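Take a look at the structure set out below.
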Amino acid sequence: MIGALSIARRETSALFNTPVGWVALTAFTFIGGFFFSYLIYAYFNVYQQSVGNPQEADQLSVNEFVIQNLFSNLGLIALFILPAVTMRLIAEDRRQKSIELLLTSPIGSFQIALGKFLGGMGFAMVMAGSTVPYMWFLYAFGDPDSGIVVANYVGFTLLCGTIIALGTFCSAMTENQIVAFMMTFAGGLLLWISGWFTQYMDDSALKTFVTSCSMLNHADSMGKGLLHSQDVIYFLTFIGFFLFATSQRVEALRWR
Amino acid sequence: MIEVSGLTKSYGDTLALSDVSFTVKKGEVVGFLGQNGAGKSTTMRIIAGSLGASAGTAKVDGVDVAENPAKVQRILGYAPETPPLYGNMTVGDYVRFAATIKGVTDIDAATKMALGRVGLESVAHRIIDNLSKGYRQRVGLAQALVHDPKVLVLDEPTSGLDPAQRIEIKNLIQSLSEGDDRTVMLSTHVLAEIEAICNRVIIIHKGKIVAQSDLATLSGGADKKVHLELRRPEGAMEAMRRVAGVTSVEHDGVKLVVTGERDVREAVAAAAIPFGLLSMQGQSLEDTYIQLTTRGTA
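Sequences listed follow chains P and E, in order. Just so you know, we're using this note's numbering here: the first sequence kicks off at 41 and counts up by one. Just so you know, we're using this note's numbering here: the second sequence kicks off at 7 and counts up by one.
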C-alpha cells in the first residue's frame, strides 16, 4: 500500500511539475467559473421575474437551478479534461522506460495500477477543491441544501474516478499518449450518452442494461441529492473493473 | 547467489534465449559479455523480474523470481541500460521515491547513502533532465543501490559515456563489489572493463552461453599465444622458432604471433629482448571473444 501511495503522490506532483496539470486545471476553473456565473445570472433573472408570483418563487430552488446544473456541467468538463490528464499515467512510463523501475521494485502490478489511478484522483481532488469557492458563495448569499451539496460532490468524485480508471487502463494499453487520450475520451463519452438511445427503445432487457450503463442517469440521480446504493455501486463497479484490467495489463507488460 | 537454468525466451518467432544456464556465486563480480542482440538484456531483465521467461528458471538466493518476484526484488538492485528515470524530478526526490517503493524503512538514510555512494550529493537538488549523461547513468545506479541490495544486476552501466565518465563508473562498480561482499553481474561489450573489474566472464552469443570461466583461464587460452611488437623485427622470426616449446611463428603485419605448446611467455620474452621488445601480450580476452562469437554458432 505504501508503494501505491508513493506512486500516487509522485504522479500528482508530476502533473503540477509540468504544464499539463496547470493547463488542465486552468481550463477546468475557467469553464467551470463561466458556467457558475452564467447559472447565477440566470437564477437571479428568473428570481426577479417570479417576484409577485409566490407559487413560482416557491418552486425556484438554488439547489436544483444552480447546484445540480453546475455539477452536471462540471462532470461534462471533467469528461473532456481528465483524459488529457490520465493519458500519460502509464504510457509515459513505458515510453521513457521508467516503467522498469516500477516493474523491478517489490510492489505488485496491482499496486502500480492503484497508484497510477490514485495519482489521477489526486488531480481530480484538486479540481473538486477549485469549486469550493462557488459553494462558499452560495452559502454566503443563499441557503443551499447541504445534503444536495454533499451528494453532488460524492457523485462528481465517483464520476471522475470512473473516467480516471478508464483512462489509466487506456494509458496502459499503448505507449502513444494521443491514442490513450482518444480511447478514454471516446469510451467516456459513449458511457455518458448511451442513455440517450433508451428513449427510442422498446422495453426489454437491453433497454434496462443500456439505461443502467449510462453514466448520465446515475450522475443525474446523485445530483438530485439521492445517494442510492445502486448509483454508488455502478461507479465503484466500473472503477474496480478498470483497476483490475489495468493491473492485468501491467502484469502482461512483463511478458512482452 | 544467481542460478539460471534452462532459460528460454522467445519473442514471437524469434528465439532470444535458448537454454541459458549459469550460476554466479556469492561475492563474485561476473562480466556478461556478448554482441548487441545476443540476449544480455533479456537475461538480466528476467533475473530482475521485469520480464517473464518462456521456459526455465532464474533463482536469486534460492528464490525463484517467477514465483516470488517481490522477495527477490527486495535483495536485488537492477540498473537497466536506459536508466529508468523521471526526467522532471530532482535527483534527491527521485532516489527517495525509489527508496519508498522498494520498501526501505529509513528513507532519509538510504537516500543519503545511495547519493553518497555514486557521488551525487552535490546535484541532489537538480532536475534529472538537466544532467549530463554520465550523471544520469549514476542516478540509475543510485536507484539500484538505494535498498542496499545483496545482488546488483547492471545492464551496460557505461554505455554511451565518454572515457573519463567510463573510468568513474568503473571505479564506482569496483568500490561496490569490494568489501560489502556484494554479488555483481554486469553486462558490457567493452572488454577492457570486464578485464579490469570482473573475476569471471560469461559469454553469450545468439542466445546461447558459449563460454563461462575465470578471466585468467579464458584469456590464457588453450593455444598459448603471445603477441610481440618489436623495434627490429628482422630475423626475429627465426630466433623465435628456436625457442624451446614454440610450435609456430607468424607475422600478422604488425606483430609477431608466437604459438607455443605450453606457456612459453618467459622464454619468448628473453629471446625477444635483443630485437627491441616494445610490447608483449598473451592471448587476450578479446581474441577469445572474437573466436567464440565469430565462428557462426547458430
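Even glycine gets a Cβ: it sits at the ideal position worked out from N, Cα and C. Since this is a predicted model, take the numbers as computed values, not measurements.
Using beta-carbon positions only, say whether THR144/P and TYR84/E come within less than 8 Å of one another. yes
Does DSSP put GLY12/E in a helix, in a strand, or in coil? strand
8 Å Cβ cutoff met for LEU13/E and GLY62/E: The answer is yes: Cβ separation under 8 Å.
Does the Cβ-Cβ distance between VAL272/P and LEU206/P come in under 8 Å? no
From GLU184/E to THR58/P, what does the alpha carbon distance come to, in whole angstroms? Each residue's alpha carbon lies about 41 Å from the other.
Residue-chain proximity (ASN57/P, chain E), Cβ-Cβ < 8 Å: yes
Closer than 7 Å between beta carbons: that is the criterion. Which residues of the segment 109-124 of chain E meet it against chain P? So the close ones are GLY109.
Less than 8 Å between C-beta atoms, sequence neighbours within five positions excluded: which residues of the same chain meet that for ALA191/P? Contacts found: MET262, GLY263, LYS264, GLY265, LEU266, LEU267.
Just to make sure I have the definition right: I need the residues of chain E whose C-beta is within less than 7 Å of the C-beta of GLU140/P. Which are they? SER56, PRO86, PRO90
Quick check on the burial criterion: 16 or more other C-beta atoms within 10 angstroms. Buried or exposed for ILE204/P? buried
Neighbouring residues, chain E, relative to LEU65/P (Cβ below 7 Å): Going along chain E, no residue has its Cβ under 7 Å from LEU65/P, so there is no contact; the nearest lies around 17 Å.
Which stretch, first to last residue, makes up the alpha helix (DSSP H) that contains ILE279/E? Counting along the chain, ILE279/E falls outside any alpha helix (DSSP H), and DSSP gives it neither H nor E.
Check the Cβ of SER46/P against every Cβ in chain E and list those closer than 7 Å, keeping chain order. PHE103, THR106, ILE107
Scan the segment 132-209 of chain E and note each continuous alpha helix (DSSP H) run of 4 residues or more that stays entirely inside, going in chain order. 139-151, 169-183, 197-203
For GLY266/E, report the span of its beta strand (DSSP E) as first-last. 262-266
Nearest-angstrom Cα separation, counted from MET241/P out to LEU119/P: 26 Å
Between the Cα of LYS15/E and the Cα atoms of SER60/E, LYS32/E, GLY43/E, which residue gives the shortest distance? SER60/E
Against chain E, does LEU266/P count as a neighbour if the rule is that its beta carbon must be under 8 Å from one of theirs? No, LEU266/P does not count as interfacial toward chain E.
Decide if ALA304/E is buried, meaning its Cβ has at least 16 other Cβ atoms within 10 Å, or exposed. Low confidence applies here, because ALA304/E scores a pLDDT of 40, under 50, leaving its location unreliable; read the following figure in that light. The residue in question, ALA304/E, is exposed, as its Cβ has fewer than 16 Cβ neighbours within 10 Å.
Which value, in whole angstroms, describes the spacing of the CA atoms of ARG237/E and LYS231/E? For the pair ARG237/E and LYS231/E, the Cα-to-Cα distance works out to about 20 Å.
Inter-stretch contact at 8 Å, needing at least 3 Cβ pairs: the segment 203-222 of chain E / the segment 31-50 of chain E: These segments touch.
For ILE203/E, the nearest candidate out of ARG172/E, HIS233/E, ALA217/E (CA to CA): ARG172/E
Candidates THR277/P, MET41/P, ALA292/P: closest to LEU154/P by CA position: The option with the nearest alpha carbon to LEU154/P is MET41/P.
In three-state terms, what does DSSP make of GLY201/P? helix
Is it buried or exposed, ALA228/E, if we count other Cβ atoms within 10 angstroms and call 16 or more buried? Bear in mind that a pLDDT of 49 at ALA228/E, under 50, signals an unreliable position, so the number given afterwards is only what the model happens to contain. ALA228/E should be labelled exposed.
With H, G and I counted as helix, E and B as strand and the rest as coil, what does DSSP make of THR29/E? strand
Reference CYS210/P, options ALA131/P, SER101/P, LEU293/P, closest by Cα: ALA131/P
So is GLN143/E buried or exposed if we call it buried at 16+ other beta carbons inside 10 Å? buried
Any C-beta of chain P sitting closer than 8 Å to the C-beta of GLY282/E? Contacts with chain P at 8 Å (Cβ-Cβ) do not include GLY282/E.
Given a threshold of 16 other Cβ atoms within 10 Å of its Cβ, counted over all protein chains shown, does ARG247/E qualify as buried or as exposed? exposed
Residue range of the beta strand (DSSP E) that includes GLY83/E: 82-85
If you follow the alpha helix (DSSP H) that LEU65/P is part of, which residue opens it and which one closes it? 59-90
Shorter than 8 Å from the beta carbon of GLN288/P to some beta carbon of chain C? Judged by its chain identifiers, the structure shown contains no chain C, and its protein chains are P and E.
Proximal chain P residues relative to GLN143/E, where beta-carbon distance stays under 7 Å: The premise fails here: GLN143/E is roughly 13 Å from chain P at the closest Cβ pair, so nothing lies under 7 Å.
Verify the CB distance criterion: does GLN136/P have a CB-CB separation below 8 Å to chain E? yes
Please name the residue in SER193/E, VAL124/E, HIS153/E, LEU167/E whose C-alpha comes closest to that of LEU178/E. VAL124/E
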